[in-house]
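J.: Handing you a structure now.
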Amino acid sequence: MTQTLLFSPWQLRDVTLRNRVMAAPMWQYAGRHWRPTDWHLMNLGRLADGGSGLVFQEGTTVERRGCGTVGDIGIWDDAAVPHLRRLVDIMQDCGAVPGIQLMHAGRKARQKPPDQGRGPLLRTPEIADWDDWDVIAPSAITLPGESAAAPRAMSEADIHAVIDAFVAAARRADAAGYQVLDLHAAHGYLLHSFLSPLANQRGDAWGGSLANRMRFVLEIVAGVRAVWPAGKPIFVRLSVIDGAAGGWALADSVALVREMHRLGVDLIDCSAGGIAGSPLPAGQSASYGYQVDLAAAIRRETGVPTSAVGLIVHASHAERILREGACDLVALARELIHNPNWPVDAAIKLGDDIGYRVMKTRGGFWLERRAATVPGLRASTQGEDELSPRESPG
Ligand SMILES: Cc1cc2nc3c(=O)[nH]c(=O)nc-3n(C[C@H](O)[C@H](O)[C@H](O)COP(=O)(O)O)c2cc1C
Numbered sequence: 004m005t006q007t008l009l010f011s012p013w014q015l016r017d018v019t020l021r022n023r024v025m026a027a028p029m030w031q032y033a034g035r036h037w038r039p040t041d042w043h044l045m046n047l048g049r050l051a052d053g054g055s056g057l058v059f060q061e062g063t064t065v066e067r068r069g070c071g072t073v074g075d076i077g078i079w080d081d082a083a084v085p086h087l088r089r090l091v092d093i094m095q096d097c098g099a100v101p102g103i104q105l106m107h108a109g110r111k112a113r114q115k116p117p118d119q120g121r122g123p124l125l126r127t128p129e130i131a132d133w134d135d136w137d138v139i140a141p142s143a144i145t146l147p148g149e150s151a152a153a154p155r156a157m158s159e160a161d162i163h164a165v166i167d168a169f170v171a172a173a174r175r176a177d178a179a180g181y182q183v184l185d186l187h188a189a190h191g192y193l194l195h196s197f198l199s200p201l202a203n204q205r206g207d208a209w210g211g212s213l214a215n216r217m218r219f220v221l222e223i224v225a226g227v228r229a230v231w232p233a234g235k236p237i238f239v240r241l242s243v244i245d246g247a248a249g250g251w252a253l254a255d256s257v258a259l260v261r262e263m264h265r266l267g268v269d270l271i272d273c274s275a276g277g278i279a280g281s282p283l284p285a286g287q288s289a290s291y292g293y294q295v296d297l298a299a300a301i302r303r304e305t306g307v308p309t310s311a312v313g314l315i316v317h318a319s320h321a322e323r324i325l326r327e328g329a330c331d332l333v334a335l336a337r338e339l340i341h342n343p344n345w346p347v348d349a350a351i352k353l354g355d356d357i358g359y360r361v362m363k364t365r366g367g368f369w370l371e372r373r374a375a376t377v378p379g380l381r382a383s384t385q386g387e388d389e390l391s392p393r394e395s396p397g
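Okay, so the sequence shown: first residue is 4 according to my numbering, each after it adds one.
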């Protein structure tokens, strides 16, 4: 009997994950009129069927002006709920816990999609609601290094409107059936830009001291926790550090995490950077697990569960960082593009008894049957070998 940590179930509040693999949120740039399409159904379905315990839907925007680019999907009106419920249903049918990330792009709004090189989006007749796409931020400071649109500094009324939009979005996410909510407070988007002194230079109650810069995020957390069911967990994706340019630092994150935990946040999804480029020192490129130390530090300093993300690719590495206590969940993004069935492959490579049953649906049955019929057969993801089976799978 072999049982890895990676494939042990994990419970948070009333929600139990079948394993500790988390599919990190990934924008698909595939929405139409701010609604999900069949692409989202297929993509989230294949991630869930591939065996991840928790599958996060991409950053879903809480108000129209918070959209990053065309192709985003929104949750600012009740009519979105039935569209989103289809996505929830397929994730659940495939055995994954469905999660949603809620976001507001702030000064990163109204940009060209990455495959068009970013930069400010140009007005076109196809964008019928262009006038609703106001680019807002804590201060009127343009994103450095990217030729984004110049943002307008938010008024007190804007601030309260965005807090209300997050709370209303959480209500709708619950109505659609999501089980875990992730608030996007990373990568230079609106929540992160309130935290960082590099983007927030307000002189009122929402800027200046650390307590003032944390206020916006804490008010959102408190408002969301009040409407999100007590049995369902809340995660916060945090840029734990801004990086080489200074700004937001680990000690600030520790202080914020303690406050957020007091308000009912259950896990910190630990990322980095985005306010002023890469979080890595100049000239250094990312290597396997380059943000794991941040997740470990937050977990150690605060006792709050964490997930680690960033170039986690190999099953043995994922298992090791869980065993070392760096994190409670292992989050993967690009590796799941490469192989949405990564959890199945990982369970086989680690020799966990769950084997192909990581997959809840038909695939697991057929793969288990093939393994029983052709002993020693290895899947293409497990590397080439000399075996040339004479028997065909029954
Ligand atoms: C196509 C794509 C879309 C992404 N969209 C989001 C997103 O919606 N929200 C978010 O917090 N991070 C997003 N990310 C970042 C990933 O969640 C993850 O943190 C990052 O890719 C590093 O993990 P990886 O090395 O496993 O890919 C995206 C990444 C990619 C590649």
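Cβ coordinates follow ideal geometry from the N, Cα and C atoms, glycine included.
Computed from a predicted model, the values in this text were never measured in an experiment.
According to DSSP, what are the bridge partners of Arg-240?
T.: Bridge partners of Arg-240: His-187 and Asp-272.
J.: Short of 7 angstroms in beta carbon distance, which residues of its chain neighbour Asp-81, apart from the five on each side in sequence? Order them along the chain.
T.: Closer than 7 angstroms at the Cβ level, and outside the excluded window around Asp-81, lie Arg-175.
J.: Glu-394: buried (16+ other C-beta within 10 angstroms of its C-beta) or exposed?
T.: In this predicted model, Glu-394 has a pLDDT of only 47, less than 50, meaning its place in the structure is not dependable; the value taken from the coordinates is given anyway. So Glu-394 ends up on the exposed side.
J.: Can you look up Val-316 in the DSSP assignment and give me helix, strand or coil?
T.: Of the three classes helix, strand and coil, the one that applies to Val-316 here is coil, per DSSP.
J.: Please find out if some non-hydrogen atom of ligand 1 comes closer than 7 angstroms to the beta-carbon of Ser-288.
T.: No, the beta carbon of Ser-288 sits no closer than 7 angstroms to any heavy atom of ligand 1.
J.: Measuring from the CB of Gly-277, is there a heavy atom of ligand 1 at a distance below 7 angstroms?
T.: No.
J.: What residue from Leu-253, Gly-306, Asp-245 and Leu-241 has the CA that sits closest to Leu-105's CA?
T.: The shortest Cα separation from Leu-105 among Leu-253, Gly-306, Asp-245 and Leu-241 belongs to Leu-241.
J.: Which first and last residues belong to the alpha helix (DSSP H) in which Gly-62 is found?
T.: No alpha helix (DSSP H) holds Gly-62; the beta strand (DSSP E) holding it covers 57 to 64.
J.: Is it buried or exposed for Ile-340, if we count other Cβ within 10 angstroms and need 16 for buried?
T.: By the neighbour-count rule (16 or more Cβ atoms within 10 Å), Ile-340 is not buried but exposed.
J.: If you scan the stretch 165 to 231 from start to end, which runs of the beta strand (DSSP E) of 3 or more residues do you find wholly inside it?
T.: Correct list: 183 to 188.
J.: When you compare the CB of Gly-54 with every CB in chain B, is at least one pair closer than 8 angstroms?
T.: Absence of chain B from the displayed structure is noted, only one protein chain being present.
J.: Pick helix, strand or coil for Glu-304, following the three-state DSSP scheme.
T.: Helix, per DSSP.
J.: Output the boundary residues of the alpha helix (DSSP H) element that contains Gln-14.
T.: Per DSSP, Gln-14 belongs to no alpha helix (DSSP H); it is in the beta strand (DSSP E), 13 to 15.
J.: Which residues mark the beginning and the end of the alpha helix (DSSP H) in which Pro-346 is found?
T.: 345 to 353 is the span of the alpha helix (DSSP H), which, as asked, contains Pro-346.
J.: Can you check which of these residues, Gly-53, Arg-35, Val-18 and Ala-27, is closest to Ala-349 by C-alpha distance?
T.: Per the Cα distances, Gly-53.
J.: Exposed or buried, Trp-369, counting other C-beta atoms within 10 Å across all chains shown (16 or more means buried)?
T.: Burial call: exposed.
J.: When the Cα atoms are used, what is the spatial distance from Arg-38 to Glu-222?
T.: Distance between the alpha carbons of Arg-38 and Glu-222: 28 angstroms.
J.: Would you list the residues sitting across from Gln-114 in a DSSP beta bridge?
T.: According to DSSP, Gln-114 bridges with Pro-123.
J.: What did DSSP end up calling Met-2 once you bin it into helix, strand or coil?
T.: Lying outside 4 to 397, the shown extent of the chain, residue 2 is not represented and no answer is given.
J.: Measuring CA to CA, which of Leu-146, Val-243 and Thr-376 is closest to Asn-203?
T.: Out of Leu-146, Val-243 and Thr-376, Leu-146 has the C-alpha closest to the C-alpha of Asn-203.
J.: Closer than 7 angstroms to a non-hydrogen atom of ligand 1 - does that hold for the CB of Ser-407?
T.: Only positions 4 to 397 of the chain appear in the structure, and residue 407 is not among them; the question remains open.
J.: Am I right that Ile-139 and Gly-109 are in contact with their C-beta atoms under 8 angstroms? What's the rounded C-beta distance?
T.: Correct: roughly 6 angstroms between the Cβ atoms.
J.: Could you give the distance in angstroms between the alpha-carbon of Pro-346 and the alpha-carbon of Ala-153?
T.: If I take the Cα positions, the gap works out to 42 angstroms.
J.: For Met-29, is the beta carbon positioned less than 7 angstroms from some heavy atom of ligand 1?
T.: Yes, since a heavy atom of ligand 1 falls inside the 7 angstroms radius drawn around the Cβ of Met-29.
J.: Between Gly-313 and ligand 1, is the CB less than 7 angstroms from at least one heavy atom?
T.: Because some heavy atom of ligand 1 lies under 7 angstroms away, the Cβ of Gly-313 counts as near it: yes.
J.: Please name the residue, chosen from Val-243, Ala-188, Trp-209 and Trp-30, that lies closest to Ala-160 on a Cα-to-Cα basis.
T.: When each option's Cα is compared against that of Ala-160, the closest is Trp-209.
J.: Need the endpoints of the alpha helix (DSSP H) that Val-91 sits in, please.
T.: It spans 83 to 96 - the alpha helix (DSSP H) in which Val-91 sits, taken as one unbroken run.
J.: For the alpha helix (DSSP H) that Leu-253 lies in, which residues bound it at each end?
T.: Here the alpha helix (DSSP H) through Leu-253 covers 253 to 265.
J.: For Trp-133, count neighbouring Cβ atoms within 10 angstroms of its own Cβ and tell me buried if that reaches 16, exposed if not.
T.: Counting Cβ neighbours within 10 Å, Trp-133 comes out exposed, since fewer than 16 surround it.
J.: Would you mind working out which of Ala-334, Gly-74 and Ala-173 sits nearest Met-25, comparing C-alpha positions?
T.: For Met-25, the nearest C-alpha among the options comes from Ala-334.
J.: Please name the residue or residues paired with Thr-145 in a DSSP beta bridge.
T.: Answer by DSSP bridge pairing: none, since Thr-145 is not bridged.
J.: What residue from Asp-255, Trp-251 and His-264 has the CA that sits closest to Pro-236's CA?
T.: When only C-alpha atoms are compared, the closest one is His-264.
J.: Does at least one heavy atom of ligand 1 sit under 7 angstroms from the Cβ of Ala-336?
T.: Flag set: Cβ of Ala-336 near ligand 1.
J.: How would you label Tyr-192, buried or exposed, when you count the other beta carbons within 10 angstroms and need 16 or more for buried?
T.: Classification for Tyr-192: buried.
J.: So if DSSP puts Ala-311 in a beta bridge, which residue, or which two residues, is it bridged to?
T.: Looking at the DSSP assignment, Ala-311 forms a beta bridge with Cys-273 and Val-333.
J.: Apart from the five residues just before and just after Trp-251, which ones in its own chain have a Cβ nearer than 6 angstroms to its Cβ?
T.: Closer than 6 angstroms at the Cβ level, and outside the excluded window around Trp-251, lie Leu-198, Ser-199 and Asp-245.
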